[in-house]
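Notes follow the structure.
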Amino acid sequence: MSAALAVAWQRLLGAAWGGRTAAVCRGLRTGPRRLQDAAGAAAAKEAENQSGTDLSPLILQRNSMRWDGKTYEEIPVAHIKATYNNTHIQVVSFDNRPFARTSCGTEGFHNAKKGTAIAAQTAAMAAAAKARGKGVLHVRVMVKGLGPGRKAAIKGLTMGGLEVISITDNTPIPHNGCRPRKARRM
5 MSAALAVAWQ RLLGAAWGGR TAAVCRGLRT GPRRLQDAAG AAAAKEAENQ SGTDLSPLIL
65 QRNSMRWDGK TYEEIPVAHI KATYNNTHIQ VVSFDNRPFA RTSCGTEGFH NAKKGTAIAA
125 QTAAMAAAAK ARGKGVLHVR VMVKGLGPGR KAAIKGLTMG GLEVISITDN TPIPHNGCRP
185 RKARRM
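Note that the numbering used here numbers the sequence shown so that position 152 is 156, with each residue one more than the last.
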């Protein structure tokens with residue numbers, strides 16, 4: 005309650021510096037009882053404003069959405085790293101316990117064929133089959149990199165029997181960090 009009194013007292017002093025000396029004199033004569041009432045009303049109004057902004061409809065809606073009894077944060081995550089030469093897919097639980105891990109190289113593709121969309125789709129289908137065997141039905145997808153296997157890997161996950169809930173692009177973007185390679189001469 006002392007903080008509320010201090011706020012009310014500062015408001016009265018602020019009014020005095022604004023040129024309203026009569027209001028300050030009137031406030032000083034009223035006594036502490038009236039100051040407490042004014043401070044209580046101000047605190048109640050601030051609490052009312054805060055409670056109205058805290059409960060956003062999106063937050064309430066997101067908590068009510070469930071997939072097989074799991075909230076959004078509890079759904080397993082499929083990490084796709086799409087480089088120019090290969091594509092890695094790893095399906096992990098929400099607390100980072102691995103369910104399945106594959107890449108184009110482990111699926112039998114060699115050299116330049118590892119960097120193709122067909123190889124990424126095949127690897128994603130294999131990862132989805134392994135994850136389905138461990139009870140995973142829904143996944144959130146995190147994509148990193150600019151390789152040719154980005155879209156193909158997501159398509160492979162759905163073809164493998166997993167339902168994709170959300171897709172997040174997690175590609176690192178430099179804010180003029182390292183100096184790039186010299187330009188290729190053709």
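Cβ atoms here follow ideal geometry from the backbone N, Cα and C, with glycine treated the same way.
Give the C-beta separation of residue i and residue j to the nearest angstrom, bearing in mind that I take them to be a contact with Cβ-Cβ under 8 Å.
| i | j | result |
| --- | --- | --- |
| A86 | A124 | 7 Å |
| K84 | K148 | The residue asked about is misnamed: residue 84 is Ile in this sequence, not Lys. Sure, about 7 Å apart at Cβ, within 8 Å. |
| G153 | T91 | 4 Å |
| N89 | G119 | 5 Å |
Could you check which residue in the options has the C-alpha nearest to that of residue i?
| i | options | result |
| --- | --- | --- |
| P102 | I122, F113, K134 | K134 |
| F98 | N174, K74, A116, G119 | K74 |
| A130 | T120, G119, G112, K117 | G112 |
| I171 | P178, I177, L161 | L161 |
| I177 | M163, L150, R105, E167 | L150 |
Can you tell me the Cα-Cα spacing of residue i and residue j, whole angstroms?
| i | j | result |
| --- | --- | --- |
| G165 | N180 | 40 Å |
| Y76 | R70 | 7 Å |
| N115 | G139 | 33 Å |
| S107 | A157 | 10 Å |
| R185 | D72 | 48 Å |
| C29 | S68 | Low local confidence applies: a pLDDT of 47 at C29 is under 50, so the model's placement there is unreliable, with the coordinate-based value given in what follows. Roughly 55 Å separates the two Cα atoms. |
| I93 | I169 | 17 Å |
| R188 | K155 | 27 Å |
| A132 | C182 | 36 Å |
| G31 | D173 | With a pLDDT of 47 at G31, under the threshold of 50, the modelled position of that residue is not reliable, and no figure is offered here. |
| T175 | R105 | 20 Å |
| A121 | M190 | 25 Å |
| V96 | D41 | 57 Å |
| R136 | A45 | 58 Å |
| K117 | E167 | 27 Å |
Does the beta carbon of residue i fall short of 8 Å from some heavy atom of the ligand ADP?
| i | result |
| --- | --- |
| R188 | This structure does not include the ligand ADP; it has no bound ligands of any sort. |
*Looking at C-beta atoms only, is the number of pairs between the segment 138-154 and the segment 69-80 that lie closer than 8 Å three or more?*
yes
*For the segment 142-166, list the alpha helix (DSSP H) runs that are entirely contained and at least 4 residues long, ordered along the chain.*
154-163
*Taking only runs of the alpha helix (DSSP H) that begin and end inside the segment 79-118, which ones reach a length of at least 4 residues, in chain order?*
none
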